[in-house]
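Right, one structure below, let's go through it.
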Amino acid sequence: MTYRGLPLLIRIAVALVIGVVVGVTVALTLPSAVSGIASLALATPEKLPWISSRVTAFVAYLAVAGSVVYGLLLSTKLLDAIAHRPVSFALHQDLAAVGLGLAAIHGALLGLDRTIHFGLADLLVPFASPYRPVAVGLGQLALYAMALVTLSFYTRRRIGTRRWRLLHYVTFLAFAGATAHGILSGTDTTRPWAFAIYTVATVAVVFLTTYRIAIGVAAARERRAAGGIAPA
Ligand code: HEM
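Counting in numbering that gives the first Met the number 0, the final residue of the sequence shown is number 231, and the numbers go up one at a time with none missing.
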């Protein structure tokens, strides 16, 4: 699909819709955000590492999920008509790196928590956590998987496109691990906004992956059919 960009009228409509969605979201969530920030200010200092870890956890999760969704939009070519491919690719790569950095900060902040003591080994060794070891272990594995995938972006030329592509499948394990980890170990899972984040991200990834597989199968069938009639 070649880049055409969106027609002017559609661009104006998209800007309006985004403006309305952002406006409504801010209006609806501002009161609870303000009271949340106020309760943060009132929180005792020893609770701050735990609270900051939870905040960075969700931003990391959004970046990781965003990167996976962007990658799928790239591989299905769904965005190509309206966004330049190099820009989409850069966003996909940067979101993965930001997600990895924030997830590492999210884990490291637990080391400062005094309620539950996390030593260096508890933080680094999967399933060694003193708190919900299995659920936290999934997050640790997701972090290492994300590190592998993010590193592969920067070594793509050296390792070759085939290996890079193979390594890219690890992203699905990282996303599934991070989602299960967040749901099972988080204290915010039952809150509607947290539940909405996990649901929207998972539905988007499952839908786009199914679509990607379907177009892959259709293309393979077409190639086989063309191969069958070509040689006379
Ligand atoms: C890709 C990597 C990771 C992502 C995306 C991620 C994301 C999340 C999310 C979204 C939550 C839920 C927070 C809440 O409900 O308040 C969470 C909780 C938690 N994570 Fe992670 N995490 C990752 C890696 C790690 C690692 C490496 C560790 C430990 C070394 C860890 C330890 C924890 C703990 C202890 C909780 C429970 C905090 C609470 O009670 O809210 N996570 N994580």
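Think of the CB as a built atom: it goes at the ideal place given N, C-alpha and C, for glycine as much as any other residue. Owing to the predicted nature of the structure, the values given are computational and were not obtained by experimental measurement.
DSSP three-state label for residue 91, please.
Indexing the sequence shown from 1 puts residue 91 at position 92. In the structure shown, residue 91 sits in a helix (DSSP, three-state: H, G or I).
Residue 39 classed as buried or exposed, judged by whether at least 16 other C-beta atoms fall within 10 angstroms
What you label residue 39 is simply residue 40 of the sequence shown in a count that begins at 1. Around the C-beta of residue 39, fewer than 16 other C-beta atoms lie within 10 Å, and the residue is accordingly described as exposed.
Within 10 angstroms of the Cβ of residue 4, are there 16 or more other Cβ atoms? Answer buried if so, exposed if not.
Looking up residue 4 in the sequence shown gives position 5. Note on residue 4: under 16 other CB atoms within 10 angstroms of its CB, so exposed under the neighbour-count rule.
Quick test of the definition: if touching needs 3 or more C-beta pairs under 8 Å, does the segment 51-71 touch the segment 84-103?
By the Cβ rule, the segment 51-71 counts as touching the segment 84-103, because three or more pairs are nearer than 8 Å.
Counted within 10 angstroms of its Cβ, other Cβ atoms place residue 231 as buried (16 or more) or exposed
To locate residue 231, count along the sequence shown from 1; it is residue 232. Here the model assigns residue 231 a pLDDT of 48, short of 50, so the residue's position is not dependable, and the following value carries that caveat. Counting Cβ neighbours within 10 Å, residue 231 comes out exposed, since fewer than 16 surround it.
Classify residue 121 as helix, strand or coil using the three-state DSSP reduction.
Position 122 of the sequence shown, counted from the first residue, corresponds to residue 121. Residue state for residue 121 is assigned as helix, using DSSP reduced to three classes.
Three or more C-beta pairs under 8 Å: does that hold for the segment 149-168 against the segment 183-193?
The segment 149-168 vs the segment 183-193: no contact.
Residue 53 to residue 144, Cα distance in whole Å?
In the sequence shown, counting from the first residue as 1, residue 53 sits at position 54. In the sequence shown, counting from the first residue as 1, residue 144 sits at position 145. Taking the straight line joining both Cα atoms gives about 20 Å.
Around the Cβ of residue 149, are there at least 16 other Cβ atoms within 10 angstroms (buried) or fewer (exposed)?
For the purposes of this step, residue 149 is taken as the residue at position 150 of the sequence shown. Buried, since its Cβ has 16 or more Cβ neighbours within 10 Å.
Using CA atoms only, rank isn't needed, just tell me which of 61, 90, 106 and 104 is closest to residue 203.
As a position in the sequence shown, residue 203 is number 204, starting the count at 1. The residue with the shortest Cα to Cα distance from residue 203 is 61.
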